[in-house]
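Note sheet for the following structure.
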Amino acid sequence: MPEVVFYVLASSSQHQRQDFACKLIEKIYRGGQFCYVLTEHAEQAAEIDKLLWTFRPGSFVPHQVYGNQLPAYQNTILIGDNAVPEHWQKIIINLSSHFPPTIAPTERIVEILDNSEESKQAGRQRYKHYLEAGLEIVTHKNEGGVWLETRAGG
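The numbering used here puts the first residue of the sequence shown at 872, with every later residue one more than the last.
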């Protein structure tokens, strides 16, 4: 069963949420892994695609928007608003309101919420869904520049 990790940002800014997602994607890639970034719609996928080229000078994260065609290189980060392809299910970064797969081979689901009421409300629905599925949830909440961690489920 996958572990679910929530990051709740102090800011309500969508740009800061996407910037945080890019930093996390880069960290995953530099750790020798790759992931699928599940977005709400094609426009958000295009925004993340563009931001991965520009969020940090000198950074390179191989990525592409997924349109039902797999990349030539397996360690490519895929970004899309549709079903997660088979070999990209291990780590899913969820920027959408959808429920990603919660069965093997998924090992980790990462939820990134901004501090807007809309984002938090949608996150609460997914949090409840994950708890009901019996998944372990780790929440990292940024309060005044300090990350506080709580655990639930499992």
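Don't be surprised by glycine CBs; every beta carbon is placed ideally from N, CA and C.
Distance from the CA of I980 to the CA of V955, rounded to the nearest whole angstrom, comes to 12 Å.
Straight-line spacing of the CA atoms in H1011 and T1021 works out to 7 Å. Inside the region 913-937, DSSP marks whole beta strand (DSSP E) runs of 3 or more residues at positions 934-936, from first to last along the chain. In the three-state DSSP reduction, G1024 falls in the strand class (E or B). With 16 or more other Cβ atoms inside 10 Å of its own Cβ, G951 counts as buried.
Of the candidates A881, A1023, V1017 and R995, the residue whose Cα lies closest to the Cα of E1007 is A1023.
By alpha-carbon distance to E914, the top candidate from G938, R927 and L895 is G938. Where K898 is concerned, the enclosing alpha helix (DSSP H) starts and stops at Q885 to R901.
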